[in-house]
Amino acid sequence: MDYQNRAGSKKGGGGIASDSQQNLQRRKQVQDLLSNGQDIPFSFQESQEGSKLRANPDIYKNHSGKLVCKLCNTMHVAWTSVERHLTGKKHQLNVLKREGRNGQSKNSSNNVRDQKFQNEVIRFKSTLQNNGVKPDVKVVKVKHLEKQLLGISVKVSYPKESQITSADEDDFIPYIRIISDLEMNKPDPKDFKYLVVAFEPFENVGIHIPSDEIVVNDYDPSDSVAIDELNRKCTYWDEDNGDFYVQLFFRRN
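Residues in the sequence shown are numbered from 4 upward in steps of one, following our numbering.
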(Lines of atoms letter the chains of each structure in order from A and count residues from 1; the text may use other names and numbers.)
(Lines give C-alpha, C1' and ligand atoms only; values in the text may rest on other atoms or scores of the structure.)
Protein backbone atom coordinates (compact mmCIF):
# COMPACT_ATOMS: atom_id res chain seq x y z
CA MET A 1 0.00 0.00 0.00
CA ASP A 2 1.25 3.45 -0.88
CA TYR A 3 1.44 5.50 2.33
CA GLN A 4 2.94 8.58 0.66
CA ASN A 5 1.36 11.55 -1.12
CA ARG A 6 -1.58 11.78 1.27
CA ALA A 7 -3.09 14.91 2.71
CA GLY A 8 -1.49 15.79 6.02
CA SER A 9 1.69 13.73 5.44
CA LYS A 10 5.18 15.02 4.88
CA LYS A 11 7.29 14.06 1.90
CA GLY A 12 8.92 10.70 2.55
CA GLY A 13 6.72 10.00 5.55
CA GLY A 14 3.95 7.47 5.92
CA GLY A 15 0.55 9.07 6.16
CA ILE A 16 -2.34 7.53 8.04
CA ALA A 17 -4.60 5.54 5.74
CA SER A 18 -8.31 6.16 5.92
CA ASP A 19 -10.82 3.40 6.67
CA SER A 20 -11.98 3.26 3.05
CA GLN A 21 -8.41 2.88 1.82
CA GLN A 22 -7.71 0.10 4.32
CA ASN A 23 -10.89 -1.72 3.32
CA LEU A 24 -9.98 -1.39 -0.36
CA GLN A 25 -6.51 -2.79 0.29
CA ARG A 26 -7.93 -5.62 2.40
CA ARG A 27 -10.40 -6.59 -0.34
CA LYS A 28 -7.60 -6.57 -2.88
CA GLN A 29 -5.50 -8.91 -0.72
CA VAL A 30 -8.47 -11.25 -0.26
CA GLN A 31 -9.09 -11.33 -4.01
CA ASP A 32 -5.42 -12.16 -4.66
CA LEU A 33 -5.53 -15.00 -2.13
CA LEU A 34 -8.74 -16.47 -3.54
CA SER A 35 -7.54 -16.28 -7.13
CA ASN A 36 -4.16 -17.80 -6.16
CA GLY A 37 -2.39 -14.87 -7.74
CA GLN A 38 -3.75 -15.63 -11.22
CA ASP A 39 -3.25 -12.99 -13.86
CA ILE A 40 -6.72 -12.76 -15.39
CA PRO A 41 -6.46 -11.45 -18.97
CA PHE A 42 -8.94 -9.16 -20.65
CA SER A 43 -11.47 -10.58 -23.09
CA PHE A 44 -9.76 -8.98 -26.07
CA GLN A 45 -6.59 -10.90 -25.12
CA GLU A 46 -8.34 -14.25 -25.55
CA SER A 47 -6.22 -15.28 -28.53
CA GLN A 48 -2.90 -14.84 -26.76
CA GLU A 49 -0.78 -17.93 -26.12
CA GLY A 50 -1.18 -19.78 -22.84
CA SER A 51 -4.79 -18.70 -22.20
CA LYS A 52 -5.98 -22.33 -22.34
CA LEU A 53 -3.36 -23.40 -19.79
CA ARG A 54 -4.80 -21.29 -16.97
CA ALA A 55 -6.62 -22.89 -14.04
CA ASN A 56 -9.88 -21.20 -15.13
CA PRO A 57 -9.61 -20.56 -18.87
CA ASP A 58 -13.25 -19.38 -19.10
CA ILE A 59 -12.76 -16.39 -16.76
CA TYR A 60 -11.75 -13.03 -18.27
CA LYS A 61 -12.02 -9.31 -17.53
CA ASN A 62 -14.25 -7.10 -19.62
CA HIS A 63 -13.42 -3.54 -20.71
CA SER A 64 -14.45 -2.17 -17.30
CA GLY A 65 -12.30 -4.65 -15.36
CA LYS A 66 -15.14 -6.82 -14.09
CA LEU A 67 -14.82 -10.60 -14.14
CA VAL A 68 -16.88 -12.46 -16.75
CA CYS A 69 -17.36 -16.13 -17.64
CA LYS A 70 -17.12 -16.45 -21.43
CA LEU A 71 -18.73 -19.89 -21.37
CA CYS A 72 -21.87 -18.89 -19.45
CA ASN A 73 -21.93 -15.17 -20.37
CA THR A 74 -22.16 -14.07 -16.73
CA MET A 75 -20.57 -11.07 -14.96
CA HIS A 76 -19.06 -11.10 -11.45
CA VAL A 77 -17.86 -8.24 -9.27
CA ALA A 78 -15.63 -10.25 -6.90
CA TRP A 79 -13.70 -13.50 -7.07
CA THR A 80 -15.92 -15.00 -4.36
CA SER A 81 -18.79 -14.75 -6.82
CA VAL A 82 -16.62 -16.44 -9.46
CA GLU A 83 -15.87 -19.31 -7.06
CA ARG A 84 -19.59 -19.88 -6.44
CA HIS A 85 -20.29 -19.74 -10.16
CA LEU A 86 -17.56 -22.24 -11.09
CA THR A 87 -18.97 -24.78 -8.63
CA GLY A 88 -22.59 -24.08 -9.56
CA LYS A 89 -24.94 -26.17 -11.69
CA LYS A 90 -25.12 -23.72 -14.59
CA HIS A 91 -21.38 -23.66 -15.23
CA GLN A 92 -20.98 -27.41 -14.73
CA LEU A 93 -23.83 -28.11 -17.17
CA ASN A 94 -22.31 -25.83 -19.82
CA VAL A 95 -18.95 -27.57 -19.40
CA LEU A 96 -20.62 -30.94 -20.01
CA LYS A 97 -22.38 -29.57 -23.10
CA ARG A 98 -19.08 -28.27 -24.48
CA GLU A 99 -17.39 -31.62 -23.89
CA GLY A 100 -20.30 -33.32 -25.65
CA ARG A 101 -19.90 -31.08 -28.69
CA ASN A 102 -16.17 -31.77 -28.79
CA GLY A 103 -16.86 -35.50 -28.51
CA GLN A 104 -19.29 -35.35 -31.43
CA SER A 105 -16.65 -33.79 -33.67
CA LYS A 106 -14.23 -36.55 -32.66
CA ASN A 107 -16.85 -39.22 -33.35
CA SER A 108 -17.49 -37.76 -36.81
CA SER A 109 -13.86 -38.39 -37.76
CA ASN A 110 -14.16 -41.94 -36.41
CA ASN A 111 -17.32 -42.45 -38.47
CA VAL A 112 -15.47 -41.44 -41.63
CA ARG A 113 -12.75 -43.97 -40.84
CA ASP A 114 -15.33 -46.70 -40.19
CA GLN A 115 -17.14 -45.88 -43.43
CA LYS A 116 -13.92 -46.22 -45.41
CA PHE A 117 -13.30 -49.57 -43.73
CA GLN A 118 -16.78 -50.80 -44.59
CA ASN A 119 -16.41 -49.71 -48.22
CA GLU A 120 -13.12 -51.61 -48.42
CA VAL A 121 -14.77 -54.70 -46.94
CA ILE A 122 -17.62 -54.57 -49.46
CA ARG A 123 -15.23 -54.07 -52.37
CA PHE A 124 -12.93 -56.90 -51.39
CA LYS A 125 -15.69 -59.37 -50.47
CA SER A 126 -16.83 -59.44 -54.10
CA THR A 127 -13.43 -60.84 -55.12
CA LEU A 128 -13.28 -63.67 -52.56
CA GLN A 129 -14.15 -67.31 -53.09
CA ASN A 130 -15.20 -69.86 -50.48
CA ASN A 131 -12.24 -72.18 -49.81
CA GLY A 132 -14.43 -74.75 -48.02
CA VAL A 133 -12.32 -74.72 -44.83
CA LYS A 134 -14.36 -75.08 -41.61
CA PRO A 135 -12.72 -73.38 -38.62
CA ASP A 136 -12.49 -75.00 -35.20
CA VAL A 137 -15.19 -73.70 -32.82
CA LYS A 138 -15.35 -73.88 -29.01
CA VAL A 139 -18.35 -72.60 -27.01
CA VAL A 140 -18.53 -72.32 -23.22
CA LYS A 141 -21.16 -70.86 -20.89
CA VAL A 142 -20.12 -67.87 -18.78
CA LYS A 143 -21.69 -65.70 -16.07
CA HIS A 144 -21.34 -61.98 -15.37
CA LEU A 145 -20.85 -61.83 -11.59
CA GLU A 146 -21.62 -58.13 -11.18
CA LYS A 147 -24.74 -58.00 -13.37
CA GLN A 148 -25.81 -61.61 -12.66
CA LEU A 149 -26.24 -62.37 -16.36
CA LEU A 150 -25.66 -65.63 -18.20
CA GLY A 151 -23.92 -65.73 -21.54
CA ILE A 152 -21.61 -67.59 -23.89
CA SER A 153 -17.97 -67.26 -24.84
CA VAL A 154 -16.97 -68.42 -28.33
CA LYS A 155 -13.50 -69.10 -29.71
CA VAL A 156 -13.14 -69.62 -33.47
CA SER A 157 -9.70 -70.68 -34.73
CA TYR A 158 -8.76 -69.94 -38.35
CA PRO A 159 -5.70 -71.60 -39.94
CA LYS A 160 -3.12 -68.97 -40.83
CA GLU A 161 -2.15 -70.68 -44.08
CA SER A 162 -5.71 -70.37 -45.44
CA GLN A 163 -6.16 -66.67 -44.70
CA ILE A 164 -6.07 -64.04 -47.43
CA THR A 165 -4.88 -60.46 -47.16
CA SER A 166 -6.31 -57.53 -49.06
CA ALA A 167 -4.66 -55.68 -51.90
CA ASP A 168 -3.38 -53.13 -49.39
CA GLU A 169 -1.74 -55.94 -47.41
CA ASP A 170 -4.06 -55.39 -44.44
CA ASP A 171 -5.69 -58.46 -42.92
CA PHE A 172 -9.47 -58.47 -42.84
CA ILE A 173 -10.91 -59.37 -39.47
CA PRO A 174 -13.83 -61.73 -38.77
CA TYR A 175 -17.17 -60.28 -37.77
CA ILE A 176 -20.41 -61.48 -36.19
CA ARG A 177 -24.06 -61.00 -37.06
CA ILE A 178 -27.24 -61.91 -35.19
CA ILE A 179 -29.90 -63.54 -37.38
CA SER A 180 -33.41 -63.55 -35.97
CA ASP A 181 -36.26 -65.91 -36.71
CA LEU A 182 -37.80 -63.42 -39.16
CA GLU A 183 -34.74 -63.53 -41.45
CA MET A 184 -34.75 -67.31 -41.83
CA ASN A 185 -36.45 -69.18 -44.65
CA LYS A 186 -38.01 -71.61 -42.18
CA PRO A 187 -39.06 -70.41 -38.72
CA ASP A 188 -37.28 -72.11 -35.83
CA PRO A 189 -39.82 -74.04 -33.71
CA LYS A 190 -37.78 -73.45 -30.54
CA ASP A 191 -37.65 -69.67 -31.08
CA PHE A 192 -33.85 -69.49 -31.28
CA LYS A 193 -31.61 -66.85 -32.76
CA TYR A 194 -28.36 -67.57 -34.56
CA LEU A 195 -24.95 -66.08 -33.94
CA VAL A 196 -23.16 -66.17 -37.30
CA VAL A 197 -19.37 -65.71 -37.42
CA ALA A 198 -18.11 -64.84 -40.89
CA PHE A 199 -14.54 -64.59 -42.16
CA GLU A 200 -14.17 -65.10 -45.87
CA PRO A 201 -13.01 -67.22 -47.55
CA PHE A 202 -13.80 -69.64 -44.66
CA GLU A 203 -17.13 -71.35 -44.05
CA ASN A 204 -19.54 -69.38 -41.86
CA VAL A 205 -20.13 -70.58 -38.31
CA GLY A 206 -23.69 -70.67 -36.91
CA ILE A 207 -24.43 -71.01 -33.18
CA HIS A 208 -27.81 -71.28 -31.43
CA ILE A 209 -28.40 -68.46 -28.93
CA PRO A 210 -31.50 -67.60 -26.85
CA SER A 211 -33.99 -65.08 -28.16
CA ASP A 212 -33.50 -62.92 -25.03
CA GLU A 213 -32.17 -59.39 -25.09
CA ILE A 214 -28.42 -59.18 -25.78
CA VAL A 215 -26.38 -57.14 -23.30
CA VAL A 216 -23.10 -55.85 -24.73
CA ASN A 217 -19.95 -55.51 -22.65
CA ASP A 218 -18.91 -52.23 -21.03
CA TYR A 219 -15.53 -52.60 -22.71
CA ASP A 220 -15.30 -50.15 -25.63
CA PRO A 221 -11.91 -49.91 -27.38
CA SER A 222 -12.24 -46.58 -29.20
CA ASP A 223 -9.19 -47.25 -31.38
CA SER A 224 -10.51 -50.51 -32.85
CA VAL A 225 -12.09 -50.65 -36.31
CA ALA A 226 -15.35 -52.60 -36.50
CA ILE A 227 -18.41 -52.65 -38.72
CA ASP A 228 -20.82 -51.86 -35.87
CA GLU A 229 -21.13 -51.44 -32.10
CA LEU A 230 -21.84 -55.13 -31.48
CA ASN A 231 -18.56 -56.19 -33.10
CA ARG A 232 -16.58 -53.42 -31.41
CA LYS A 233 -17.73 -54.26 -27.87
CA CYS A 234 -18.24 -58.04 -28.01
CA THR A 235 -15.43 -59.39 -30.20
CA TYR A 236 -11.66 -59.59 -30.17
CA TRP A 237 -9.40 -60.68 -33.04
CA ASP A 238 -6.06 -62.29 -32.10
CA GLU A 239 -4.30 -61.77 -35.41
CA ASP A 240 -1.06 -63.45 -34.34
CA ASN A 241 -2.69 -66.79 -33.45
CA GLY A 242 -5.65 -66.58 -35.83
CA ASP A 243 -8.22 -66.83 -33.00
CA PHE A 244 -11.48 -64.86 -32.93
CA TYR A 245 -13.25 -64.41 -29.58
CA VAL A 246 -16.91 -63.53 -29.01
CA GLN A 247 -18.64 -62.93 -25.68
CA LEU A 248 -22.36 -62.24 -25.32
CA PHE A 249 -24.63 -61.92 -22.27
CA PHE A 250 -28.41 -62.30 -22.23
CA ARG A 251 -31.13 -60.67 -20.15
CA ARG A 252 -34.23 -62.83 -19.85
CA ASN A 253 -37.40 -61.26 -21.19
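Think of the CB as a built atom: it goes at the ideal place given N, C-alpha and C, for glycine as much as any other residue.
| Asked | Found |
| --- | --- |
| Just mark G154 as buried or exposed, buried being the case when its beta carbon has 16 or more other beta carbons within 10 Å. | buried |
| Work out the CA separation of D61 and D194 for me, nearest whole Å. | 57 Å |
| By the 10 Å Cβ neighbour count, where 16 or more other Cβ atoms means buried, how is D173 classified, buried or exposed? | Below a pLDDT of 50, predicted positions are generally treated as unreliable, and D173, at 49, falls in that range; no measurement from the model is reported. |
| Using three-state DSSP, classify C72 as helix, strand or coil. | strand |
| Leaving out five residues before and five after I181 in sequence, what residues of the same chain have Cβ atoms less than 8 Å from its Cβ? | K196, Y197, L198, V199, I212, I217, L233 |
| Compare the Cα-Cα distances from P138 to each of P44, V85, R29, G209 and report the closest residue. | G209 |
| Can you tell me which of E242, K146, K141, L70 puts its alpha carbon nearest to the alpha carbon of R87? | L70 |
| Any idea what DSSP makes of Q118, helix, strand or coil? | helix |
| Would you mind reading off the limits of the alpha helix (DSSP H) that contains H88? | 82-89 |
| Considering E232, what are the terminal residues of the alpha helix (DSSP H) in which it resides? | 232-237 |
| What is the DSSP secondary structure of K31, reduced to helix, strand or coil? | helix |
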